[in-house]
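See below for the structure under consideration.
Numbering (this note's numbering), first residue to last: 576 to 679.
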């Protein structure tokens, strides 16, 4: 079948994210946020790109004005959330590559 007319989903559409905890307390006993299993990797990576772009924009604006504690905490959270989405997607890609179809 010609790729243009294929009804088979692309690898990015077939791969699903896996659960990944982030933003824990120092002992990692309390998990405040985590990614969930199920969303498509392509969507997760797009969301990660948006979060990291927002962090970059804030940092650019704050370079002139300096940072206070709230600014630093907000940027840290945006970066941690973006990283969690990338990590969740990477785990899915690794399991997809090993023949598990994106399911860990």
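Glycine residues also receive a C-beta, built at the ideal position from the N, C-alpha and C atoms.
Bounding residues of the beta strand (DSSP E) (the contiguous stretch that carries residue i)
i	result
residue 671	Residue 671 -> no beta strand (DSSP E), and no H or E assigned at all.
residue 609	606-610
Bridge-paired residues (DSSP) for residue i
i	result
residue 591	615
residue 597	608
Outcome for residue i when other beta-carbon atoms lying within 10 angstroms are tallied against a minimum of 16
i	result
residue 673	exposed
residue 590	buried
residue 608	exposed
C-alpha gap between residue i and residue j, whole angstroms
i	j	result
residue 667	residue 625	20 Å
residue 680	residue 634	With the chain running from 576 to 679 in the structure shown, residue 680 is simply not present.
residue 596	residue 648	18 Å
residue 606	residue 627	21 Å
residue 640	residue 619	32 Å
residue 632	residue 659	19 Å
residue 671	residue 621	19 Å
residue 644	residue 616	33 Å
Residues near residue i by beta carbon distance below 8 Å, same chain, minus five either side
i	result
residue 630	650, 653, 654, 657
residue 614	591, 592
Neighbourhood of residue i by C-beta distance below 6 Å, restricted to the same chain and skipping five residues each side
i	result
residue 593	612, 663, 666, 667, 679
residue 646	637
residue 623	657, 660, 661
Contact with chain D by residue i, beta-carbon distance below 7 Å
i	result
residue 645	Of the protein chains in this structure there is only one, and it is not chain D.
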